[in-house]
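Q:
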Amino acid sequence: MTPVLHNAFFDIGGVLGTNGWDRFHRKEAAELFGLDLEDYTQRHDEAVPAWEEGLMTLDQYLDRTVFVRPRSFTPDEFKQFMYGRSKVFPDSLAVARDLAKTGTVRMCTASNEADELSRYRIRLFGLTDIFDTFLASCWIGVRKPAAIFYERALAIAAGRPAESLFVDDREENLVAAQALGFHVIHFESADQLRRELVAAGLELNTQPG
Numbered sequence: 001m002t003p004v005l006h007n008a009f010f011d012i013g014g015v016l017g018t019n020g021w022d023r024f025h026r027k028e029a030a031e032l033f034g035l036d037l038e039d040y041t042q043r044h045d046e047a048v049p050a051w052e053e054g055l056m057t058l059d060q061y062l063d064r065t066v067f068v069r070p071r072s073f074t075p076d077e078f079k080q081f082m083y084g085r086s087k088v089f090p091d092s093l094a095v096a097r098d099l100a101k102t103g104t105v106r107m108c109t110a111s112n113e114a115d116e117l118s119r120y121r122i123r124l125f126g127l128t129d130i131f132d133t134f135l136a137s138c139w140i141g142v143r144k145p146a147a148i149f150y151e152r153a154l155a156i157a158a159g160r161p162a163e164s165l166f167v168d169d170r171e172e173n174l175v176a177a178q179a180l181g182f183h184v185i186h187f188e189s190a191d192q193l194r195r196e197l198v199a200a201g202l203e204l205n206t207q208p209g
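Numbering (my numbering), first residue to last: 1 to 209.
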């Protein structure tokens, strides 16, 4: 008998909206701001674990990666560019909203993101109207796909893996979740997500309001 699902964990970047700050955004920034992409990439790769695990602020990240020398632009201008890369996926958000309206599962986000970007994106995407619990690597202190990320997420949600669903667009994150006993969905599109949620035994409320 298939266990009844009580918790649904959704990745944000790549599922509910664009990624917060991925390699394509960094390439775009390098071209716009005249950065040496190879140098910036190396500095980013060195800084990103601490940044996304909550050990470094956005200002500290920029000091380590971009403002290592005088620039013709300000940190605020660069931050505005970073924030501007975040775009919501309305169709995916509608699926999550329809699931939330049933009131049958605890709705959680579970993402690898830094603090300032995570807070900004939660507001921008209107996620507080849909989700009950917000879990990010910057607050949990570890990034997916480390097993302890999922273990801490379950502890915070007071859930069991067999009664929990994990939605992510990256297979490596799902392999780790599935190894712990989660039901998983590899996100590809909003329509596919809707079908797989129903196949997992979840109801979606498509009524307005």
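Glycine is no exception: its CB is placed at the ideal position from the N, C-alpha and C atoms.
Because the structure is a prediction, the values reported are computed rather than measured.
If you reduce the DSSP assignment to three classes, tell me which class GLY84 lands in.
A: Helix, per DSSP.
Q: Answer yes or no: do ILE12 and THR109 have a C-beta to C-beta separation smaller than 7 Å?
A: Result yes, Cβ atoms of ILE12 and THR109 sit closer than 7 Å.
Q: Across which residues does DSSP place ASP168 in a beta bridge pair?
A: Per DSSP, HIS186.
Q: When you compare the CB positions of ILE156 and PHE149, do they come within less than 7 Å of one another, or not?
A: No, Cβ-Cβ distance for ILE156 and PHE149 is not below 7 Å.
Q: Could I get the ranges of all uninterrupted alpha helix (DSSP H) runs contained in the region 33-117, with 4 residues as the minimum, in chain order?
A: With a minimum length of 4 residues, the continuous alpha helix (DSSP H) runs that stay inside the region 33-117 are 37-52, 58-65, 75-84 and 90-100.
Q: Do the region 73-89 and the region 113-120 touch if we need at least three Cβ pairs shorter than 8 Å?
A: Touching, yes, given that three or more Cβ pairs across the two stretches are closer than 8 Å.
Q: Indicate the three-state DSSP secondary structure (helix, strand or coil) for LEU154 in the structure shown.
A: Correct three-state label for LEU154: helix.
Q: Verify whether the separation of the beta carbon atoms of SER164 and ALA136 is less than 7 Å.
A: Taking 7 Å as the Cβ cut-off, SER164 and ALA136 do not qualify as a contacting pair.
Q: ASN7 lies in the beta strand (DSSP E); which residues open and close that run?
A: Counting along the chain, the beta strand (DSSP E) containing ASN7 begins and ends at 7-10.
Q: Over the uninterrupted alpha helix (DSSP H) stretch that includes ILE130, give me the two end residues.
A: Neither: ILE130 is in no alpha helix (DSSP H) and is coded neither H nor E.
Q: Whose C-alpha, out of VAL198, GLU203, LEU202 and ARG194, is nearest the C-alpha of ASP91?
A: Among VAL198, GLU203, LEU202 and ARG194, the Cα nearest to that of ASP91 belongs to ARG194.
Q: Which one of PRO49, ALA30, GLU38 and ASP22 has the shortest CA to CA distance from PRO145?
A: With distances taken between Cα atoms, PRO145 lies closest to PRO49.
Q: Where do the N-terminal and C-terminal ends of the alpha helix (DSSP H) with TRP21 fall, by residue?
A: Looking at the DSSP string, TRP21 is not in any alpha helix (DSSP H), and its letter there is neither H nor E.
Q: Buried or exposed: where does VAL68 fall if 16 or more other Cβ atoms within 10 Å of its Cβ makes it buried?
A: The residue is exposed, with fewer than 16 neighbouring Cβ atoms inside 10 Å.
Q: So if DSSP puts GLY13 in a beta bridge, which residue, or which two residues, is it bridged to?
A: In DSSP, GLY13 forms a bridge with GLY17.
Q: Comparing C-alpha positions only, which one of ASP45, GLY54 and GLU171 sits nearest to VAL66?
A: Residue ASP45 is the option with its Cα nearest to VAL66.
Q: Nearest-angstrom Cα distance between LYS172 and TRP21?
A: In the sequence on display, residue 172 carries Glu and not Lys. The straight-line gap from Cα to Cα measures roughly 19 Å.
Q: Please say whether ALA176 and ILE130 have beta carbons closer to each other than 7 Å?
A: Result no, Cβ atoms of ILE130 and ALA176 do not sit closer than 7 Å.
Q: Which value, in whole angstroms, describes the spacing of the CA atoms of LEU5 and LEU202?
A: If I take the Cα positions, the gap works out to 7 Å.
Q: Measure the beta-carbon distance from PHE166 to LEU154 and round it to whole angstroms, keeping in mind my assumption that it falls under 8 Å.
A: 10 Å between Cβ atoms; not a contact.
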